[in-house]
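Colleague: Got a structure here, written out as structure tokens. Questions coming.
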Amino acid sequence: MAVKTPIYMDCHATTPVDERVLEAMLPYFGEKFGNAASRTHTFGWAAEAAVDDARQQVASLIGAKPTEIIFTSGATEADNLAIKGVSAMHPDRRAHMVTQATEHHAVLDPLKALKRQGYGVTVLPVDRYGRVSPEAVTGAITDETTLVSIMAANNEIGTLQPIAEIGSICKERGVLFHTDATQAVGKISIHVDALNIDLLSLSAHKLYGPKGVGALYVRNRPRVRLIAQMDGGGHERGMRSGTLNVPGIVGLGAACEIAGTEIASEGPRVRKLRDRLEEKITGGLNEVHLNGHPQARLDGNLNLSFAGVDGESLLMGLGEIALSSGSACTSATLEPSYVLRALGVKDDLAQSSLRFGLGRFNTRAEVAYVADRVIAEVNRLREISPFSKRETRVRRRAGKPERHLSPFTP
Numbered sequence: 000m001a002v003k004t005p006i007y008m009d010c011h012a013t014t015p016v017d018e019r020v021l022e023a024m025l026p027y028f029g030e031k032f033g034n035a036a037s038r039t040h041t042f043g044w045a046a047e048a049a050v051d052d053a054r055q056q057v058a059s060l061i062g063a064k065p066t067e068i069i070f071t072s073g074a075t076e077a078d079n080l081a082i083k084g085v086s087a088m089h090p091d092r093r094a095h096m097v098t099q100a101t102e103h104h105a106v107l108d109p110l111k112a113l114k115r116q117g118y119g120v121t122v123l124p125v126d127r128y129g130r131v132s133p134e135a136v137t138g139a140i141t142d143e144t145t146l147v148s149i150m151a152a153n154n155e156i157g158t159l160q161p162i163a164e165i166g167s168i169c170k171e172r173g174v175l176f177h178t179d180a181t182q183a184v185g186k187i188s189i190h191v192d193a194l195n196i197d198l199l200s201l202s203a204h205k206l207y208g209p210k211g212v213g214a215l216y217v218r219n220r221p222r223v224r225l226i227a228q229m230d231g232g233g234h235e236r237g238m239r240s241g242t243l244n245v246p247g248i249v250g251l252g253a254a255c256e257i258a259g260t261e262i263a264s265e266g267p268r269v270r271k272l273r274d275r276l277e278e279k280i281t282g283g284l285n286e287v288h289l290n291g292h293p294q295a296r297l298d299g300n301l302n303l304s305f306a307g308v309d310g311e312s313l314l315m316g317l318g319e320i321a322l323s324s325g326s327a328c329t330s331a332t333l334e335p336s337y338v339l340r341a342l343g344v345k346d347d348l349a350q351s352s353l354r355f356g357l358g359r360f361n362t363r364a365e366v367a368y369v370a371d372r373v374i375a376e377v378n379r380l381r382e383i384s385p386f387s388k389r390e391t392r393v394r395r396r397a398g399k400p401e402r403h404l405s406p407f408t409p
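The opening position of the sequence shown corresponds to residue 0 in numbering that gives the first Met the number 0, with each subsequent residue numbered one higher.
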């Protein structure tokens, strides 16, 4: 079957907007252009009603109440509002916060900023699969701990964290629990009450909605108190001032409703595609290393390291396929992924990694094409590698079968 290129397999960076989402948004760029805060005429009422509907749609997906949803510009703002908003409740700088090493920069950087201001921050290590131990979380909590922030699913390696156990620990210790669920919402089932989540961040563009809009779930009972980080009008229950992005919010709501309806069927389908891709690549190449947890990971995630190959060169050789060598937020740096480093992956092997992000619109034909192209390109790069050529000559002289040895193999 002919495959149309370019092929998109970078759904952890962003997802294409679902046509059904776009259709829901379009009227709010045109005839329904009102400001949701304008409550003296029909244009404003229509916009406010649309926002209310979207708030319900977002809340339903995560088992929350509509009044607990605060719209933001995205997950980064939501993370900052959660972390800085909680810390601001403790102006004496005696607050202590706990996180783990493979969090997104949208969590790590606000915590670094707070640490420079005198707040206490503990960053826990992860195991070789990228999981933090619930026991380590328990040990890190002190009498001054106000917040634990652990992501639901990692954006590079797809590893799912044990948030149910961590949520229970936080509830028992009387500590707020925040999770950056940007990669997880719409992909796995999340119910904030069942998981004892107090604050949750999400973004529309990771679940086939538009960019520039997200939300923060803030528990009402028991009430979570935050200090707003943006002032100017008291919008969103006083937690986030600013004119609401009505078309974007409508898109977020529609994306959440679609995800809730299709999650049961979409997950297994994407997982089959991911597993097929992994089987074909590992069956056609040796010295391929899986990064992340082999089972507890997102259905569409596949992060592989190809020993003896430079990841950037591999990406360039696969120019008709949209992939990445790590987080989209750190793609400008040539440094090895801090996520893979946290797993104990050596720098050279970390720099040979590719992240495949499969999603709603990928096909079996695309998987077959991508696997064949990756195998061919890795073999080509290994053939022109001075190390590979030298090792091949050595093995031939020794009468050993040829294989692509890696300088990174222990």
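A virtual CB, placed ideally from N, CA and C, is assigned to each residue, including glycine.
Are the beta-carbon atoms of G316 and E365 separated by less than 8 Å?
Modeller: No, they are not a contact pair.
Colleague: Could you work out which residue in L380, A367, R363 is closest to S351 when comparing CA atoms only?
Modeller: Cα-wise, what sits closest to S351 is L380.
Colleague: Decide if I383 is buried, meaning its Cβ has at least 16 other Cβ atoms within 10 Å, or exposed.
Modeller: By the 10 Å Cβ count, I383 comes out exposed.
Colleague: Does the separation of the CB atoms of G299 and G208 fall below 8 Å?
Modeller: For G299 and G208, no; Cβs fall outside 8 Å.
Colleague: Would you tell me roughly how many angstroms separate the C-alpha atoms of R359 and Y118, rounded to the nearest one?
Modeller: Each residue's alpha carbon lies about 42 Å from the other.
Colleague: Tell me the DSSP secondary structure of V16 in three-state form.
Modeller: Residue state, collapsed to three classes: coil.
Colleague: Counting only the same chain and skipping the five closest in sequence on each side, list residues whose C-beta sits under 8 Å from that of D230.
Modeller: Excluding residues within five positions, the ones whose Cβ falls inside 8 Å are S240.
Colleague: By Cβ distance below 7 Å, which residues in the same chain neighbour L110 in space, the five residues on each side in sequence not counted?
Modeller: Closer than 7 Å at the Cβ level, and outside the excluded window around L110, lie I82, M96, T98, V120.
Colleague: Helix, strand or coil for Q99, going by three-state DSSP, please let me know.
Modeller: Residue state, collapsed to three classes: strand.
Colleague: Excluding sequence positions up to five away, which residues of its chain have a Cβ less than 6 Å from the Cβ of K31?
Modeller: So the list reads A45, once near-sequence residues are dropped.
Colleague: Fully enclosed by the segment 146 to 216, which beta strand (DSSP E) runs are 3 residues long or longer?
Modeller: Counting only runs of 3 or more, we get 175 to 179, 198 to 202.
Colleague: Under a three-way DSSP split, which group does H437 fall into?
Modeller: The question about residue 437 has no answer here: the residues shown for the chain are numbered 0 through 409.
Colleague: For V377, which three-state DSSP category applies?
Modeller: Three-state result, V377: helix.
Colleague: Would you give the residue range spanned by the beta strand (DSSP E) that S86 belongs to?
Modeller: It is not in any beta strand (DSSP E) - S86 instead sits in the alpha helix (DSSP H) that spans 74 to 86.
Colleague: Alpha carbons only, please: which of L297, S37, S323 is nearest the one belonging to A183?
Modeller: Considering only alpha carbons, the answer is L297.
Colleague: Between T181 and I196, how many whole angstroms is the CB-CB distance? I'm expecting something under 8 Å.
Modeller: With a Cβ gap of about 14 Å, T181 and I196 do not count as contacting.
Colleague: Taking just the CA atoms, how far does E143 sit from R92?
Modeller: Those two C-alpha atoms are separated by around 10 Å.
Colleague: Could you pull out every residue in the same chain whose Cβ sits closer than 7 Å to the Cβ of S202, ignoring the five residues on either side in sequence?
Modeller: Around S202: G73, A74, T181, G213.
Colleague: For T260, which of G185, D274, N34 has the nearest alpha-carbon?
Modeller: Per the Cα distances, G185.
Colleague: Whose CA, out of K210, I262, S304, I165, lies closest to the CA of A12?
Modeller: Minimum Cα distance to A12 is reached at K210.
Colleague: Beta-carbon separation of T17 and A263 under 8 Å?
Modeller: In the sequence as presented, Thr is not what sits at residue 17; that position holds Asp. No; because the gap between Cβ atoms is not below 8 Å, this pair is not in contact.
Colleague: Less than 8 Å between the C-beta atoms of R222 and N302, yes or no?
Modeller: No. Outside cutoff.
Colleague: Look at G292 and G129 and say whether their C-beta atoms are less than 8 Å apart.
Modeller: According to the sequence as given, residue 292 is His; it is not Gly. Cβ atoms of H292 and G129: closer than 8 Å.
Colleague: Do S304 and A344 come within 8 Å of each other at the CB atom, strictly closer than that value?
Modeller: Reading off the sequence shown, one finds Val at residue 344, where the question assumed Ala. Contact: yes.
Colleague: Please report the straight-line C-alpha distance between M8 and T141, rounded to a whole angstrom.
Modeller: When rounded, the distance between both Cα atoms is 42 Å.
Colleague: Could you check if Q56 is buried or exposed, using at least 16 other CB atoms within 10 Å of its CB as the buried criterion?
Modeller: Under this definition Q56 is a buried residue.
Colleague: Under a three-way DSSP split, which group does R363 fall into?
Modeller: R363: helix per DSSP, three-state reduction.
Colleague: What residues in its chain sit with their C-beta under 7 Å from that of I280, if we drop five residues either side in the sequence?
Modeller: Cβ within range, chain order: V287, L303, A370, V373, I374.
Colleague: Can you tell me which of I187, S188, R224 puts its alpha carbon nearest to the alpha carbon of L198?
Modeller: Checked all of I187, S188, R224; the closest Cα to L198 is R224.
Colleague: Put S384 into one of helix, strand or coil per three-state DSSP.
Modeller: S384 falls in the coil class under three-state DSSP.
Colleague: Using only CA atoms, which one of G252, P90, L289 lies nearest to G23?
Modeller: The displayed chain sequence assigns Ala, not Gly, to residue 23. Checking every option, the nearest Cα to that of A23 belongs to G252.
Colleague: Taking the straight line between their C-alpha atoms, what separation do you get for I69 and T101?
Modeller: Cα to Cα, the separation comes out at about 26 Å.
Colleague: Assign I6 to one of three DSSP states: helix, strand, or coil.
Modeller: Strand at I6.
Colleague: Would you check if the distance between the CB atom of V85 and the CB atom of T145 is smaller than 8 Å?
Modeller: A contact, by the Cβ cut-off of 8 Å.
Colleague: One question on the structure: do G43 and A49 come within less than 8 Å of each other, judged by their Cβ atoms?
Modeller: Contact flag unset, no.
Colleague: Less than 8 Å between the CB atoms is what I'm expecting for N219 and E67, so what's the real figure, rounded?
Modeller: The pair is a contact, with the Cβ atoms about 5 Å apart (cut-off 8 Å).
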